[in-house]
Amino acid sequence: MAQVKIYGHARFLEGRRQVISDAIHRATVRELGQPEDKRYHRFFALEDQDFIHPDGRSGAYLILEIHLFAGRTPKTLRAYLLALQAALEDYAGLAPNDLEVTLIEVPAAHWSIRGQPGDEQPLPYEVHQ
Numbered sequence: 000m001a002q003v004k005i006y007g008h009a010r011f012l013e014g015r016r017q018v019i020s021d022a023i024h025r026a027t028v029r030e031l032g033q034p035e036d037k038r039y040h041r042f043f044a045l046e047d048q049d050f051i052h053p054d055g056r057s058g059a060y061l062i063l064e065i066h067l068f069a070g071r072t073p074k075t076l077r078a079y080l081l082a083l084q085a086a087l088e089d090y091a092g093l094a095p096n097d098l099e100v101t102l103i104e105v106p107a108a109h110w111s112i113r114g115q116p117g118d119e120q121p122l123p124y125e126v127h128q
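According to numbering that gives the first Met the number 0, the sequence shown is numbered sequentially starting from 0.
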């Protein structure tokens, strides 16, 4: 399970949501083994006055917050971060300086999915890799 929040400038996100979502999903499927049909992305399109960031970032600047079941190895998480950067650069034209990602690992027992605790859900993919 990976739930993704995508924060960006409204002007940049307009007309690019699908490409950005596809790039993120490609990396998530490839590196985390999440099934193709499991995509949980939420876009937060912010006006300039609501998205304050350091100089050196362009209007394409994105912040991703990704909530994951805990248990993946540091090697897997690193590979995922690198895959996200590469996919967003290749498919959405995002410069490395315009992306920040935070991976937030949460124990499966702290999730509720379809009315059941997450640690009681059978998953079609491996989390502990």
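Backbone N, C-alpha and C fix where the C-beta goes; we use that ideal spot for every residue, glycine too. Note that the coordinates shown come from a computational prediction; the quantities given were computed from them, not determined experimentally.
Query	Result
Please return the same chain residues whose Cβ sits closer than 7 angstroms to the Cβ of aspartate 47, not counting the five positions on each side in sequence.	His8
Are glutamate 104 and alanine 78 closer than 8 angstroms when you measure CB to CB?	no
Mapping DSSP to helix, strand and coil, what is tyrosine 44?	This sequence places alanine at residue 44; tyrosine is not what is there. Correct three-state label for alanine 44: strand.
Can you give the Cα-Cα distance for serine 111 and serine 57, rounded to whole angstroms?	37 angstroms
Could you give the DSSP three-state label for glycine 55: helix, strand or coil?	coil
Shortest alpha-carbon distance to alanine 85 belongs to which of Met0, Ile23 and Phe50?	Ile23
Can you round the beta-carbon distance between threonine 107 and glycine 92 to whole angstroms, since I take them to be within the 8 angstroms contact cut?	Here residue 107 turns out to be alanine, not threonine, going by the sequence shown. That pair is no contact at about 35 angstroms.
Would you say isoleucine 19 and leucine 102 are within 8 angstroms of each other, going by their C-beta atoms?	no
Go ahead and label arginine 41 buried or exposed: buried means 16 or more other beta carbons lie within 10 angstroms of its beta carbon, across all protein chains shown.	exposed
Which word fits alanine 94, buried or exposed, when buried means at least 16 other C-beta atoms lie within 10 angstroms of its C-beta?	exposed
Throw me the rounded Cβ distance for the valine 100 and isoleucine 65 pair, which I believe falls under 8 angstroms.	7 angstroms
By the three-class DSSP mapping on this structure, what secondary structure does glutamine 17 have?	helix
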